[in-house]
Amino acid sequence: MNGQSGTFSGKIAVVTGGSAGIGLATARKIADGGGTVYITGRDADRVAVAASIPGDVVGVPADSASAEDLDRLFARVRERSGRLDVLVANAAAIVPAPLGSITTEIITTVFGVNIAGTIMTVQKALPLLADGGAVVLVGSMAAHKASRGQSVYAASKAGVRALARTWALELSPRRIRVNVVSPGPTDTPAITQLVPDDEARKVFFSRMGAGTPMTRAGTAEEAAAVIAFVASAAASHVNGADYHVDGGYGQV
Ligand SMILES: NC(=O)c1ccc[n+]([C@@H]2O[C@H](COP(=O)([O-])OP(=O)(O)OC[C@H]3O[C@@H](n4cnc5c(N)ncnc54)[C@H](OP(=O)(O)O)[C@@H]3O)[C@@H](O)[C@H]2O)c1
């Protein structure tokens with residue numbers, strides 16, 4: 001256990017898209033803090049490898065765009081843990097498409113995971129979510145600052161931010177807090193997939209970094225630290241908010 005030790009003792013958490021990147025770093029924080037964490041991802045092998053990190057970590061292969069997979073995920077949580085305290089809806093589809101090349105398939109894919117998937121993830125978790133629990137939706141600075149080719153993704157993440165405002169209000173009688181954490185450019189496998197060439201990726205990050213006061217991309221751990229804080233009791237009066245973790249990219 002690290003400095004987070006005890007923060008999540010006795011807590012039950014789900015992190016969708018927890019087999020890589022920001023989701024995996026978040027799962028580590030929760031497990032290090034003594035919590036039980038269920039992680040998902042579409043690739044079953046990757047989920048199994050990720051679930052072998054230290055702590056009480058359970059891998060459940062599941063696609064957030066599939067209602068059946070989400071039912072299976074929460075059935076597993078119910079059967080093994082009986083309730084849920086923390087839900088991190090992190091899984092997302094990132095498909096760049098400049099205006100002129102946007103297809104209905106791209107819209108369906110991006111909105112299917114980022115909006116429909118987020119809605120169904122939270123809605124299906126509701127019966128299991130304990131009063132006083134925390135929901136964290138992973139947004140993006142793309143919702144707040146333009147980036148070429150990202151209009152569909154940006155619109156979906158703006159929708160995520162809007163969902164959080166309403167849900168924070170609707171779930172307040174049960175003291176369930178709902179917040180967004182919006183990373184800026186962050187060095188994760190998602191970016192490696194978009195820009196596979198090492199040199200091109202360096203240029204990509206240096207261009208992104210050039211606009212930030214910190215002149216660098218963030219790490220998955222830096223985003224996870226804020227997600228873990230917002231999900232923890234230390235953030236007990238934080239509700240309906242959107243925390244930007246972007247090195248200042250969208251702030252100056
Ligand atoms: N990296 C950035 O610069 C950045 C910036 C702003 C916001 N974000 C947001 O941060 C979150 C995490 O991104 P990341 O960079 O950590 O991505 P990543 O490195 O690609 O990891 C994504 C994780 O989500 C899983 N996943 C993808 N689609 C899924 C689906 N339909 N159902 C379930 N799991 C799914 C992936 O596993 P499988 O592929 O096996 O399913 C993987 O475990 C996303 O919400 C993203 O929009 C990232």
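Quick note on numbering: full-length UniProt numbering labels position 195 of the sequence shown as 195, and the sequence is numbered without any gaps.
Where a beta carbon is used, it is the ideal one built from N, C-alpha and C, also for glycine.
{"Check": "Alpha carbon to alpha carbon, how far is residue 193 from residue 199? Give it in angstroms, no decimals.", "Outcome": "14 Å"}
{"Check": "Answer with buried or exposed for residue 244, where buried requires no fewer than 16 other C-beta atoms within 10 angstroms of its C-beta.", "Outcome": "buried"}
{"Check": "Cα-Cα, which of 136, 80 and 107 is closest to residue 181?", "Outcome": "136"}
{"Check": "Residues in its own chain within less than 6 Å of residue 13 by CB, not counting five upstream and five downstream?", "Outcome": "30, 35, 37 and 86"}
{"Check": "Given the structure, does residue 120 come close to ligand 1, in the sense that its CB is under 7 Å from one of the ligand's heavy atoms?", "Outcome": "no"}
{"Check": "Looking at ligand 1, does it come within less than 7 Å of residue 253, judged from the CB to the closest heavy atom?", "Outcome": "Nothing can be reported for residue 253, as the shown portion of the chain is limited to 1 through 252."}
{"Check": "How is the beta strand (DSSP E) around residue 242 delimited, first residue to last?", "Outcome": "242-245"}
{"Check": "Considering only their Cβ atoms, is the gap separating residue 239 from residue 168 smaller than 8 Å?", "Outcome": "yes"}
{"Check": "Quick one: what's residue 106 bridged to in DSSP?", "Outcome": "Answer is none; residue 106 lacks a bridge partner."}
{"Check": "Enumerate, from N- to C-terminal direction, the unbroken alpha helix (DSSP H) stretches of 4 or more residues contained entirely within the stretch 83-137.", "Outcome": "104-111 and 118-125"}
{"Check": "Nearer than 7 Å: is that true of the beta carbon of residue 46 relative to any heavy atom of ligand 1?", "Outcome": "yes"}
{"Check": "Per DSSP, residue 40 is paired with what?", "Outcome": "60"}
{"Check": "How many Å lie between residue 236 and residue 246 at the Cα?", "Outcome": "23 Å"}
{"Check": "Less than 8 Å between the CB atoms is what I'm expecting for residue 142 and residue 157, so what's the real figure, rounded?", "Outcome": "5 Å"}
{"Check": "Quick one: what's residue 12 bridged to in DSSP?", "Outcome": "36"}
{"Check": "Is any heavy atom in ligand 1 found nearer than 7 Å to the beta carbon of residue 88?", "Outcome": "no"}
{"Check": "Take every Cβ of the stretch 97-116, pair it with every Cβ of the stretch 43-62, and state whether three or more of those distances are shorter than 8 Å.", "Outcome": "no"}
{"Check": "CB-CB under 8 Å to residue 3, same chain, minus the five flanking residues each way: which ones, in chain order?", "Outcome": "Summary for residue 3: the model assigns pLDDT 42, below 50, so the residue's position carries little reliability; its value from the coordinates is reported in the next sentence. For residue 3, where only same-chain residues beyond five positions count, there are no Cβ hits under 8 Å."}
{"Check": "Quick one, which of 42, 7, 92 and 88 has its alpha-carbon nearest residue 68's?", "Outcome": "42"}
{"Check": "Compare the beta carbon distance of residue 88 and residue 15 with 8 Å and say whether it is the shorter of the two.", "Outcome": "yes"}
{"Check": "Considering Cα atoms alone, identify which of 174, 22 and 185 is closest to residue 130.", "Outcome": "174"}
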